[in-house]
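To start, the structure under review is shown below, and the notes come after it.
This is how it looks when you write it as structure tokens:
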């Protein structure tokens, strides 16, 4: 499976899981591993902590753009940032 296929599988994971399970350290670590982006366990932990801070925001647009910026800051790219933003939105909407 190529990069596009891996990203499709990540989106399917997002659609198939309950919202409260999407942004756990284990789930994010699995997605990073599946996409070949995991560097170490700290990567998933740091990313999860950053996303928890973003999810506490009252501003939805800031939360979404913050997810993309967070992914880029961690060297993970905009495509994963969009996935993270969608996961944050799914969690917020319940």
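Residue numbers (the numbering used here): 213 to 306.
Every residue gets a Cβ at the ideal spot worked out from N, C-alpha and C, and that includes glycine.
It should be emphasised that the depicted structure is a prediction, and the values quoted were computed from it without experimental measurement.
Outcome for residue 184 when other beta-carbon atoms lying within 10 angstroms are tallied against a minimum of 16: The structure shown has nothing for residue 184, since the chain only spans 213 to 306.
Pairwise C-alpha distance: residue 265 and residue 247: 24 angstroms
Identity of the residue in 252, 280, 273, 229 nearest residue 262 by Cα: 280
Alpha-carbon spacing of residue 237 relative to residue 250, whole angstroms: 12 angstroms
Residue 291 and residue 226 closer than 7 angstroms at C-beta: no
Exposure label - residue 216; buried when at least 16 CB within 10 Å: exposed
Residue nearest to residue 302 in terms of C-alpha spacing, selected from 288, 283, 289, 267: 267
Beta-carbon proximity check, residue 244 vs residue 256, cutoff 7 angstroms: yes
Beta-carbon proximity of residue 293 to residue 283, cut-off 7 angstroms: yes
Alpha-carbon spacing of residue 232 relative to residue 305, whole angstroms: 10 angstroms
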